[in-house]
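Before any comments, here is the structure.
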Amino acid sequence: QQQVKQSPQSLIVQKGGIPIINCAYENTAFDYFPWYQQFPGKGPALLIAIRPDVSEKKEGRFTISFNKSAKQFSLHIMDSQPGDSATYFCAARENYGQNFVFGPGTRLSVLP
Amino acid sequence: GAVVSQHPSWVICKSGTSVKIECRSLDFQATTMFWYRQFPKQSLMLMATSNEGSKATYEQGVEKDKFLINHASLTLSTLTVTSAHPEDSSFYICSAKLPEAGRPNTEAFFGQGTRLTVV
């Protein structure tokens, strides 16, 4: 119930491609869904986040699509660059919850 | 975004010694901070929730006496790994919640992590 599933585990795209990372959850009490980017040896950095009252949110080259009925959300990276190569984690949290539940992560490699 | 500073970035210690890791919220006051542990190529595992002025809440399976957490002020939480052993070697990350008026729940920002190696 508390799990957040994430796929794929790893992803390789060419520069300029649009990698898509998918997450799914079961707990309907989750109401905040952030995505984090983590480079090796660094802490996660917030990339973009969405709440269930919208179906899509875009910030720069990053877009979250949210499907409340399917309990799924995804991250799209437009015009991907080698500098986007990192591990991406989706997460979820209940409105009155303290903690995030993290997905297992997706290692993205963008080839030059 | 808000800044959370973690120190040290890396530390090597001998088996049996204790190591303290600091987590500071630099430009905001954090009533709640979180400590995570991350193994290579794995996700973040929540160890404990640190509340200012009260005892930390530990996740199941995390030894309270081994991982001592102190949140003495609104800008500082510390994690002390006591009597460290090689199996405690890991990447430890803290995060702090950014207070936002009128919202019961807000974003959390992460420190840069501390790589602990116990030899």
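Heads up: the sequence lines are chains F and H, in that order. Numbered according to our numbering, the first sequence spans residues -19 to 92. Numbered according to our numbering, the second sequence spans residues 37 to 155. Idealized CB from N, CA, C, for every residue including glycine.
Roughly how many whole angstroms lie between the Cα atoms of residue i and residue j?
i	j	result
H/Lys50	F/Gly85	32 Å
F/Gln(-6)	F/Ser(-13)	19 Å
H/Gly52	H/Thr116	13 Å
F/Phe82	F/Cys70	6 Å
F/Ile44	F/Leu55	5 Å
F/Leu(-9)	H/Ala108	42 Å
H/Asp124	H/Phe103	10 Å
F/Ser89	H/Val47	29 Å
F/Gly63	H/Gln74	23 Å
F/Asp33	F/Asn47	10 Å
F/Leu91	H/Gly89	48 Å
F/Gly21	F/Ser49	37 Å
H/Arg60	H/Ile129	12 Å
F/Gln18	F/Phe80	16 Å
H/Leu158	H/Asp63	Nothing about residue 158 of chain H can be read from this structure; chain H reaches only from 37 to 155.
Compare the C-alpha of residue i against each of the options and name the closest.
i	options	result
F/Phe53	F/Arg73, F/Ile1, F/Phe80	F/Ile1
H/Thr85	H/Ser79, H/Lys77, H/Thr153, H/Lys100	H/Lys100
F/Glu6	F/Thr67, F/Lys51, F/Pro(-1)	F/Lys51
H/Ser45	H/Asn106, H/Ser126, H/Thr150	H/Thr150
F/Tyr68	F/Ser49, F/Pro14, F/Phe46	F/Pro14
F/Lys(-15)	F/Gly(-4), F/Gly(-3), F/Cys3	F/Cys3
H/Ala132	H/Ser119, H/Phe146, H/Ser126	H/Phe146
H/Lys77	H/Cys130, H/Gln148, H/Ser126	H/Ser126
H/Lys91	H/Thr111, H/Asn106, H/Ser41	H/Asn106
Using a C-beta cutoff of 7 Å, does residue i count as contacting chain F?
i	result
H/Ile129	yes
H/Leu62	no
H/Phe103	no
Provide the residue(s) that pair with residue i in DSSP beta bridges, ordered along the chain.
i	result
H/Phe64	Answer is none; H/Phe64 lacks a bridge partner.
F/Gln18	F/Thr67
H/Asn87	H/Thr68
F/Ala4	F/Lys(-15), F/Gln52
F/Val81	F/Ala72
Are any of the Cβ atoms in chain H nearer than 7 Å to that of residue i?
i	result
F/Gly63	no
F/Asn79	yes
F/Phe82	yes
F/Lys37	no
F/Lys22	yes
Could you check if residue i belongs to the surroundings of the ligand ADP, using beta carbon to heavy atom distance under 6 Å?
i	result
H/Ala66	Because no ligand of any kind appears in the structure shown, any question about the ligand ADP cannot be addressed here.
Please list the partners that residue i has in chain B, where partner means a Cβ-to-Cβ separation under 7 Å.
i	result
F/Lys48	Going by chain labels, chain B is absent from the structure shown, which instead holds the protein chains F and H.
Is there contact between the region 25 to 37 of chain F and the region 61 to 78 of chain H, where contact requires at least three CB pairs shorter than 8 Å? no
Would the region 36 to 45 of chain F count as touching the region 70 to 88 of chain H if we require 3 or more Cβ pairs under 8 Å? Contact between the region 36 to 45 of chain F and the region 70 to 88 of chain H is absent, because fewer than three Cβ pairs lie under 8 Å.
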